[in-house]
Structure formats: structure tokens, C-alpha cells
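J.: Residue numbers (this note's numbering): 156 to 614. Cβ coordinates follow ideal geometry from the N, Cα and C atoms, glycine included.
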Amino acid sequence: MDDTIIALATAVGEGSIHVLRLSGPQAKEIIDQAFTPHHPKRWQEMSQFTLHLGHFYAGEKVLDEVLISRMLAPSSYTGEDVYEINCHGGLYIAERIIKECIRLGARLAEAGEFTKRAFLNGKLDLIQAEAIVDLISAKTDSSADLALHQMEGLLSQKISILREQVLETLAFIEAGIDFPEDDVESLDRESLLQRISKGLDIARDLLKGSKTGRILREGMLTVIVGQPNVGKSSLLNALMGEERAIVTDIPGTTRDEIREAVNIGGILLQLVDTAGIRESEDLVEKLGIERTWKAMEKAELILLIIQAGQELSVEELRILNEYNKDVIVLINKIDLFYSKEQFEGILQNYPTQQGVWIPFSVKENSGFDELEKEIIRRVYQGKDERTKEPLLSNVRQIMALERASLALASGFDSVRNGLPWDIVSIDIRQALQEISQITGDTIQESLLDDIFSRFCIGK
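The following block contains the structure:
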């Protein structure tokens, strides 16, 4: 924190401009030595947020004409004096400006060090810091909106309410233990149970939405399965909008998994097209079919494609029985046999109590809207409108809250079973520690280093 750091804040390569970020106690001194503004009087005014055009020097040599953004402590991103140098977009130009700043006393920033300083200076908490990475890597509107909500501190507010509730519960217990002779509120078990229960309700409510949050952030592992030549690869190509998989009339064309990502209704599907499921003596095809069953074990959603007018195979029935809740059945090629009005009669031939059944035709582009609506319904857990609430989405945060919830539940049982107050306090203190890890109120330095190492260098 005593060092002044610099890094390229834009992507490596050639472009119209590059932005270099300089932050730290020596930033002003370095800029004063290397930068000559075109309007010195305005530069000397030392306004908090200003832009200045001028030349950047290395000694007597002009390196480039630059535009410098000046953001002074404590109202900058890092909480330190920050200068962003906008230079022309050749990488060589950026490199020699960086070298001159290093010669004058700066050093190259480590991955995520600017955001780490912002966290350590209290400009944001750990949820907001991790949301920055999520926003940068967002691939859909939904994942970008989720990260933005977290960056704005909406999720942090919810976690803070939970932390305050648990902290008050712990203080209630500790006061009764440490000052039993003083006029402290009586430690009756019913009152304590209510306090712990309130914290548990908040934690469980947050965890309830975490599946949705994680899917919006990371995507939904979706496996396309069905018999050979039923239209699996055609569906993949249609969803991708390009010929990603080979489509022929020859059964068993797909022998291995094809993996692609596609945005459906603002939700990222991690699609896996698999080998057709059937009995086969072909060694390569058998290996592909084995992979299909293994992929289904990990899947969060299974798109089972069947052909309209055909009875279900043993394999298709097995999928419906074993993966009931995760299956959407697409009755494909329905355009060859039926109109949509006849679909009610068709369903009578199928076990429609298992999975969701959609009339479908890849060729006629029919059924895709219904498929999208069903995927959205599942992700948002049946809500009519897509939630605007801040959701947990980060696996580290979710696991910490799960441990906190378990600790609160253990404390609740300890109170109900009449265990001593100091035993109860151990569980409540553990819950508080786990919750504090989420926002970074208390966190190990090694974990902090691991989190910020995932950032890019200039962030």
C-alpha cells in the first residue's frame, strides 16, 4: 500500500487509445515530473476530477501527446490519488510511458491490485469486488444485470442485515454469560430461539435464490439427448444459428460430445450434443453412448428429443424415470404428422406426468418460443417476472452462507436441547465468522490474495 502502481487498463494490442492507470502516494509526483499540460494554470488548480491535455516526457524527449484524468484521494476508485493516462493506441507507446513511470518510482501492478486497494481502503466490500470480475466476463444481459446489482451494493445490504442479526444474537448470549449479576435482559431460551430463527430465515431465503444466481452467472449445463437421427444436432445448429454439428440421414453421425454456449432468453446454456442412445455393437459408438449417460448425471437440464408418432424406447423411458424433474421433452418432426390442434390427442400416448412436453419442429422453427419460456420459468423458479432482487451467485459466497446456515441450525438445536450458553455461542460465533467472510469484514489474507489473483492486471 506504500507503493505506487501502474498498469495497462485496456486490452493488450493496437487500438485508437490505450489507458494506463497510476495509483498511489507518489502518483502526483510522477505525473508532475513527466507531464507538461497545455494549460498549466488549469493544471495547478488541483480540482478533484479533471481532464488535461499535454505531452508526456522521458527527460527532454516527448513520448506522446496524452489526455490525463486526475482523480484525487479519497474520492477515487482505489481511495488513493489516481491518474489515468490516455495515450495513442500503439502498444509500444504505452510500454515506454509505463517504463518512464517505473523509472520515476512506480512499479507494475499485480493482478487485481487496484481493486484490492479499493477494498482495503473501504471503497467497496468483497461482494462488490467479485462482482466487478463477473461484470467484465458477463455473456448475457441477465448475468450483466446481476453483477451490476451486486456492484451497487444491493446484495451487500442483505448480507449486512443478516450479519447484524447474528451479531446481536451473539451479543445477547455473551452479555448473559459475562455479566449474569448485572441488570441484563434475561437469557430465556424462547427469546433466543426466536433470534436465531430470524437469522436462519434470512440465510435460507438468500440461499433459495442462489441456484438462480449461479446459473445466471455461470450458465446452465444442458445436455441434448435422444435416439440417433432424431434431430439432436439439428437442434444444436438451430440454437447456435450456424452449422456447428454435422447433420445427415445416417444414424449415429455424432460419436463424441460437442460443447457450445448459447444465449436463450438472457440465460447462458452450456450445451452438450451427445451420441444417440441405442443398443450398438460399434465400439466407438458405444463409448460415445456411455459418455451421454455420464453427461446426464451432471446436467442441470436435459433436452430429450423424441420423434413424433413413435413409441418411447427403453432408453427414453429410463431418462424420464431417472431424471424426471430435469427433463424437457421435445416431440420433434411433428410437422410431418400432426397439426398443433391434434397435439392433445398425441400426448395421451405418452407419460406426460414426467417432465415437460413441447410439440416441436426444428425444420419449421416451431416450439422454440415455448422452450425458451420453460427454461426461463425453471431458472427463475416459476416466477412470472424475472427477479430484480440481488442474488447470491458466487460459489465461494454460497458455500460460506451454507456453512453459516448450518452453524445457526446447530445453535438452534443446542438451545432447544438445553445445552449450556457457552456451547451455543460457539455455533453463533462460527456463523458470524462465515457471514463476515462473504463481505470481507473478516477474511484471511491468503484467501484475499487468491480472490484478487483472478482479476486482470489493470483492474
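Looking at the unbroken alpha helix (DSSP H) that takes in residue 601, where does it start and where does it end?
T.: The residue labelled residue 601 in the question sits at position 446 within the sequence shown. Counting along the chain, the alpha helix (DSSP H) containing residue 601 begins and ends at 600-607.
J.: Identify which residue in 508, 537, 514 has its Cα closest to the Cα of residue 490.
T.: As a first step, residue 490 must be located in the sequence shown, where it is residue number 335. It is 514 whose Cα lies nearest to the Cα of residue 490.
J.: Going by C-alpha distance, which of 451, 192, 420 is nearest residue 528?
T.: Looking up residue 528 in the sequence shown gives position 373. Measuring from the Cα of residue 528, the nearest candidate turns out to be 420.
J.: Take residue 346 as the anchor and find which of 363, 365, 325, 361 has the nearest alpha-carbon.
T.: Against the sequence shown, residue 346 aligns to sequence position 191. Among 363, 365, 325, 361, the Cα nearest to that of residue 346 belongs to 325.
J.: Check whether the Cβ of residue 176 lies closer than 8 angstroms to any Cβ atom in chain C.
T.: In the structure shown, chain C cannot be found, because there is only a single protein chain.
J.: Which one or two residues does DSSP pair with residue 425 in a beta bridge?
T.: By 1-based counting over the sequence shown, the position of residue 425 is 270. BP columns for residue 425 point to 376, 416.
J.: What did DSSP end up calling residue 236 once you bin it into helix, strand or coil?
T.: What you label residue 236 is simply residue 81 of the sequence shown in a count that begins at 1. DSSP places residue 236 outside both helix and strand once states are collapsed to three, so it counts as coil.
J.: Give a yes or no on whether the C-beta atoms belonging to residue 487 and residue 417 are separated by under 8 angstroms.
T.: For the purposes of this step, residue 487 is identified with residue 332 of the sequence shown, where counting begins at 1. For the purposes of this step, residue 417 is identified with residue 262 of the sequence shown, where counting begins at 1. No, the pair does not count as a contact, with Cβ atoms beyond the cut-off.
J.: Determine, using beta-carbon pairs with one atom in the segment 194-207 and one in the segment 216-231, whether at least three such pairs fall under 8 angstroms.
T.: yes
J.: Between the segment 311-325 and the segment 571-583, do three or more beta carbon pairs fall short of 8 angstroms?
T.: yes
J.: Write down every uninterrupted run of the alpha helix (DSSP H) in the segment 165-200 whose length is 4 residues or greater and which is fully enclosed by it, in chain order.
T.: 182-189, 195-199
J.: Tell whether a beta-carbon distance below 8 angstroms holds between residue 240 and residue 290.
T.: Within the sequence shown, residue 240 is the residue found at index 85, counting from 1. Within the sequence shown, residue 290 is the residue found at index 135, counting from 1. No, Cβ-Cβ distance for residue 240 and residue 290 is not below 8 angstroms.
J.: Less than 8 angstroms between the CB atoms is what I'm expecting for residue 178 and residue 265, so what's the real figure, rounded?
T.: Taking the sequence shown and counting its residues from 1, one reaches residue 178 at position 23. Taking the sequence shown and counting its residues from 1, one reaches residue 265 at position 110. With 8 angstroms as the limit, residue 178 and residue 265 do not qualify as a contact, their Cβ atoms being about 12 angstroms apart.
J.: Less than 8 angstroms separating the beta-carbons of residue 547 and residue 310?
T.: Locating residue 547 in the sequence shown gives position 392, where the first residue counts as 1. Locating residue 310 in the sequence shown gives position 155, where the first residue counts as 1. Contact flag set, yes.
J.: Output yes or no for whether 8 angstroms exceeds the beta carbon distance between residue 594 and residue 282.
T.: Position 439 of the sequence shown, counted from the first residue, corresponds to residue 594. Position 127 of the sequence shown, counted from the first residue, corresponds to residue 282. Result yes, Cβ atoms of residue 594 and residue 282 sit closer than 8 angstroms.
J.: According to DSSP, simplified to helix, strand and coil, what is residue 395?
T.: Numbered from 1 along the sequence shown, position 240 holds the residue referred to as residue 395. It is helical.
J.: Going along the chain, which residues of its own chain have a beta-carbon closer than 7 angstroms to the beta-carbon of residue 565, five neighbours each way excluded?
T.: Mapped onto the sequence shown, residue 565 falls at position 410. Around residue 565: 582.
J.: What are the start and end residues of each continuous alpha helix (DSSP H) run of 4 or more residues lying completely inside the segment 517-597, in chain order?
T.: 523-534, 550-571, 576-594
J.: Given a threshold of 16 other Cβ atoms within 10 Å of its Cβ, counted over all protein chains shown, does residue 238 qualify as buried or as exposed?
T.: Counting from 1 along the sequence shown, the entry for residue 238 is found at position 83. Classification of residue 238: buried, given that the 10 Å Cβ count is 16 or more.
J.: What are the uninterrupted segments assigned as alpha helix (DSSP H) that are 4 or more residues long and contained completely in the segment 436-499, given in chain order?
T.: 438-453, 469-477
J.: My output table needs one value for residue 227: the three-state DSSP class, helix, strand or coil.
T.: Residue numbering aside, residue 227 sits at position 72 when the sequence shown is read from its first letter. It is coil, neither helix nor strand.
J.: When the Cα atoms are used, what is the spatial distance from residue 588 to residue 559?
T.: Here the question's residue 588 lines up with position 433 in the sequence shown. Here the question's residue 559 lines up with position 404 in the sequence shown. In a straight line, the C-alpha of residue 588 is about 8 angstroms away from that of residue 559.
J.: Would you check if the distance between the CB atom of residue 423 and the CB atom of residue 295 is smaller than 8 angstroms?
T.: Taking the first residue of the sequence shown as position 1, residue 423 is located at position 268. Taking the first residue of the sequence shown as position 1, residue 295 is located at position 140. Yes, the pair counts as a contact, with Cβ atoms nearer than the cut-off.
J.: Comparing C-alpha positions only, which one of 227, 231, 368, 612 sits nearest to residue 536?
T.: Translated into positions along the sequence shown, residue 536 becomes position 381. Cα-wise, what sits closest to residue 536 is 368.
J.: Would you identify the three-state DSSP class for residue 161, choosing helix, strand or coil?
T.: Along the sequence shown, one-based indexing puts residue 161 at 6. Strand, per DSSP.
J.: Is it buried or exposed, residue 504, if we count other Cβ atoms within 10 angstroms and call 16 or more buried?
T.: Counting from 1 along the sequence shown, the entry for residue 504 is found at position 349. Under this definition residue 504 is an exposed residue.
J.: Buried or exposed for residue 108, please, with buried defined as at least 16 other CB atoms from any protein chain shown within 10 angstroms of its CB.
T.: Nothing in the structure corresponds to residue 108, since the chain is present only between 156 and 614.
J.: In the segment 241-316, which residue ranges form an unbroken beta strand (DSSP E) of at least 3 residues, counting only runs that do not cross its ends?
T.: Whole beta strand (DSSP E) segments, 3+ residues: zero.
J.: What does the alpha-carbon distance come out to for the pair residue 189 and residue 426?
T.: Locating residue 189 in the sequence shown gives position 34, counting from the first residue. Locating residue 426 in the sequence shown gives position 271, counting from the first residue. Going from the Cα of residue 189 to the Cα of residue 426 covers about 52 angstroms.
J.: Identify, in the order they occur along the chain, each residue of the same chain with its Cβ nearer than 7 angstroms to the Cβ of residue 462, setting aside the five sequence neighbours on each side.
T.: Indexing the sequence shown from 1 puts residue 462 at position 307. So the list reads 385, 487, 488, once near-sequence residues are dropped.
J.: Taking residue 218 as the reference, give the member of 187, 361, 252 with the closest Cα.
T.: In the sequence shown, the residue the question calls residue 218 occupies position 63. Closest option to residue 218, Cα to Cα, is 252.
J.: Tell me, please, which residues DSSP counts as bridged to residue 366.
T.: Within the sequence shown, numbered from 1, the residue matching residue 366 stands at position 211. BP columns for residue 366 are empty, so no partner.
J.: Looking only at DSSP bridge pairs, what is residue 219 linked to?
T.: As a first step, residue 219 must be located in the sequence shown, where it is residue number 64. Per DSSP, 211.
J.: Need the endpoints of the beta strand (DSSP E) that residue 514 sits in, please.
T.: The count along the sequence shown starts at 1 and reaches residue 514 at position 359. Residue 514: member of the beta strand (DSSP E) spanning 511-514, first to last residue.
J.: Quickly, what does DSSP pair residue 381 with across the bridge? List them, please.
T.: Here residue 381 is taken as the residue at index 226 of the sequence shown, counted from 1. Note: residue 381 sits in a beta bridge opposite 460.
J.: What do you get for residue 409, buried or exposed, if any count of 16 or more other CB atoms within 10 angstroms of its CB means buried?
T.: If you number the sequence shown from 1, residue 409 lands on position 254. In this predicted model, residue 409 has a pLDDT of only 49, less than 50, meaning its place in the structure is not dependable; the value taken from the coordinates is given anyway. Buried, because 16 or more other Cβ atoms sit within 10 Å of the Cβ of residue 409.
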